[in-house]
Amino acid sequence: MSDDAIEKWVYREHTKVKHEILSKYLSGWIRILGRWYPRICYFDCFAGRGIYEGGEKGSPLIALETASRLKKQFSYLKEIVCTFIEKNPSNFENLKNTIDETIKANPEEYEGIKVRSINNEFANVAKEVIERVGKKLAPSFFFIDPFGFKGVPFQIIKDLLAIRRVEVFITFMVRDVLRFLESSKHRISIEELYGVERVSELLSENYSHLPREQALLKLYRDRLHLDARVSYTLPFKVSADERLQTTYYLIHATNHPKGCELMKEIMYRAGTTGRFGYLGPAEGQLTLMQCDGISELKGFLLSKFKGRTLSFRDIIYESCMDTAFIKSHYREAIRELEGEGKISIKGKGPRGGISDNAL
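Just so you know, the sequence shown maps onto residues 8 to 366 in the working numbering.
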């Protein structure tokens, strides 16, 4: 099915959740990085049409509106550069018309926001950015949201993440990879996605203890950590229907613990009933990670940090990928541990609050 087929541009609930995560993270990311850098960049790498069949806004318009709102709200923001990449000619024409009309209708809303629309493949554009700009690239966030798994070479992801202050947010189409894993026609695309040969054999040799879906995810995250050398990754499971079959994972990769912490808070609140992962129209119990109670977190904290003195912030940063719990859970668990006489806390606030610097 072509990328400009109408069926692909029906707005679904899981797409809304994905866009909610994107918008909220962009808001925080722009505010934080914009304080220190005069230019920050957003790349929408599979930008699509800009608007869905029912008139719902796509990620390019969501990003533009987010940038516009923040630019008006925070005077310290100097320049935000939005680059929209779409290879399909029909989609690109719709995208460019939509963006042009949006800006033309309210030009004052988008002052200080530079927009580039590029009719090309993500890999080609990213390669040019890496070769021409490289280490001089301003802080950049790459939203990589393909319909399938083709056109997202691991080498490009690795090269992007090697640049300081670059983050990626990837739609990892695990259902499609699982479906075509043994297909000779798709072997090259899957090997390109992972950046290694013999993917199926690697799974059997090193990940046979995991269900295939989890093995595919684990291998990809391991590639990000061990080969791309990224410090933090967070996955968010998305099930698009009542059967709770996983459609894809949203994977955030960053080298800064603050980015991991922020995305974790956003993913937690976007998940079904406070869990990591949107589970489709019907709520179910299958998740990648879920919170089973503060008692579990208390046990984890005692085990991981026994005998050490750390700030609350460092505890959050060091365990960001280890649990599905967020800061409010950590504070509750630490208060209970103190009440039980198992830990001591120094530097609490006047009302007993636990600040980021508390020890």
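Don't be surprised by glycine CBs; every beta carbon is placed ideally from N, CA and C. Only a predicted model underlies this, so the values are computations on that prediction, with no experimental measurement involved.
May I ask you to list the residues that DSSP assigns as paired with residue 48? Residue 48 sits at position 41 when you count from the first residue of the sequence shown. Per DSSP, the beta bridge partners of residue 48 are 88 and 147.
Continuous beta strand (DSSP E) assignments of at least 3 residues falling wholly in the segment 65-112: Entirely contained in the segment 65-112, the beta strand (DSSP E) runs reaching 3 residues are, in chain order, 86-92.
Hey, residue 33 and residue 73 are a contact pair by Cβ (cut 8 angstroms); roughly how many whole angstroms apart? In the sequence shown, the residue the question calls residue 33 occupies position 26. In the sequence shown, the residue the question calls residue 73 occupies position 66. Their Cβ separation, rounded to whole angstroms, is 5 angstroms, which keeps residue 33 and residue 73 in contact under 8 angstroms.
Below 8 angstroms on the Cβ atoms is my guess for residue 312 versus residue 150; work out the distance and round it to an integer in Å. As a first step, residue 312 is located in the sequence shown; it is residue number 305 there, counting from the start. As a first step, residue 150 is located in the sequence shown; it is residue number 143 there, counting from the start. Not quite, the Cβ-Cβ distance comes to about 35 angstroms (not below 8 angstroms), so this is no contact.
Three-state secondary structure (DSSP) of residue 216: Residue numbering aside, residue 216 sits at position 209 when the sequence shown is read from its first letter. Note: residue 216 maps to coil in three-state DSSP.
Thinking C-alpha only, which one of 266, 326 and 53 is nearest residue 153? In the sequence shown, residue 153 corresponds to position 146, counting from 1. Selected option, being the one with the closest Cα: 53.
Determine the direct distance from the alpha carbon of residue 244 to that of residue 294, and round the result to whole angstroms. The count along the sequence shown starts at 1 and reaches residue 294 at position 287. The count along the sequence shown starts at 1 and reaches residue 244 at position 237. For residue 294, the predicted model reports a pLDDT of 38, less than 50, meaning its position is unreliable and no value from the coordinates is stated.
Residue 173 lies in the beta strand (DSSP E); which residues open and close that run? Here the question's residue 173 lines up with position 166 in the sequence shown. Taken as a continuous stretch (DSSP letters only), the beta strand (DSSP E) holding residue 173 covers 173-179.
Is there contact between the segment 56-66 and the segment 78-86, where contact requires at least three CB pairs shorter than 8 angstroms? Too few Cβ pairs lie closer than 8 angstroms, so no.
Would you list the residues sitting across from residue 243 in a DSSP beta bridge? As a position in the sequence shown, residue 243 is number 236, starting the count at 1. Per DSSP, 257.
Residues that DSSP places opposite residue 124 in a beta bridge: Stepping through the sequence shown from its first residue, residue 124 is reached at position 117. Its beta-bridge partners are 91.
Relative to the alpha-carbon of residue 93, which residue among 87, 101 and 86 has its alpha-carbon at the smallest distance? Taking the sequence shown and counting its residues from 1, the one referred to as residue 93 is at position 86. Out of 87, 101 and 86, 101 has the C-alpha closest to the C-alpha of residue 93.
State yes or no: is the C-beta of residue 239 within less than 7 angstroms of the C-beta of residue 333? The residue you call residue 239 lines up with position 232 of the sequence shown. The residue you call residue 333 lines up with position 326 of the sequence shown. Taking 7 angstroms as the cut-off, the beta carbon of residue 239 is found no closer than this to the beta carbon of residue 333.
Which residues in the same chain as residue 41 place their Cβ atom closer than 8 angstroms to its Cβ, once the five residues preceding and following it in sequence are excluded? Here residue 41 refers to the residue found at position 34 of the sequence shown. 47, 77, 81, 83, 84, 85 and 87.
Complete alpha helix (DSSP H) runs within the segment 334-364 (minimum length 4 residues, chain order): Listed in chain order, the complete alpha helix (DSSP H) runs (minimum 4 residues) inside the segment 334-364 are 334-346.
Taking only the alpha-carbon atoms, compute the straight-line gap between residue 160 and residue 227 and give it to the nearest angstrom. Here residue 160 corresponds to residue number 153 of the sequence shown, with the count starting at 1. Here residue 227 corresponds to residue number 220 of the sequence shown, with the count starting at 1. If you take the alpha carbons of residue 160 and residue 227, they lie about 12 angstroms apart.
Inter-residue spacing [alpha-carbon to alpha-carbon] between residue 36 and residue 29: In the sequence shown, counting from the first residue as 1, residue 36 sits at position 29. In the sequence shown, counting from the first residue as 1, residue 29 sits at position 22. Rounded to whole angstroms, residue 36 to residue 29 spans 10 angstroms at the Cα level.
Give the straight-line distance between the Cα atoms of residue 190 and residue 165, rounded to the nearest whole angstrom. What you label residue 190 is simply residue 183 of the sequence shown in a count that begins at 1. What you label residue 165 is simply residue 158 of the sequence shown in a count that begins at 1. Here the alpha carbon of residue 190 sits roughly 25 angstroms from the alpha carbon of residue 165.
Terminal residues of the alpha helix (DSSP H) in which residue 162 lies: Counting from 1 along the sequence shown, the entry for residue 162 is found at position 155. Element bounds for residue 162: 161-168.
Please work out which residues of its chain come closer than 8 angstroms, Cβ to Cβ, to residue 252, disregarding the five sequence neighbours upstream and downstream, and give them in chain order. Translated into positions along the sequence shown, residue 252 becomes position 245. Around residue 252: 182 and 246.
Alpha carbon to alpha carbon, how far is residue 345 from residue 261? Position 338 of the sequence shown, counted from the start, is the residue given in the question as residue 345. Position 254 of the sequence shown, counted from the start, is the residue given in the question as residue 261. Distance between the alpha carbons of residue 345 and residue 261 is about 33 angstroms.
Would you kindly report the start and end of the unbroken alpha helix (DSSP H) that includes residue 267? Taking the sequence shown and counting its residues from 1, one reaches residue 267 at position 260. Where residue 267 is concerned, the enclosing alpha helix (DSSP H) stretches over 264-277.
Taking residue 19 as part of the alpha helix (DSSP H), name the residues at either end of that continuous run. On the sequence shown, position 12 is the one that residue 19 refers to. DSSP places residue 19 outside any alpha helix (DSSP H), giving it a letter other than H or E.
Between residue 25 and residue 257, which are expected to be in contact by the criterion C-beta below 8 angstroms, what is the C-beta distance as a whole number of angstroms? Reading the sequence shown from its first residue, position 18 is the one you call residue 25. Reading the sequence shown from its first residue, position 250 is the one you call residue 257. Cβ-Cβ separation between residue 25 and residue 257: approximately 6 angstroms, consistent with a contact (criterion under 8 angstroms).
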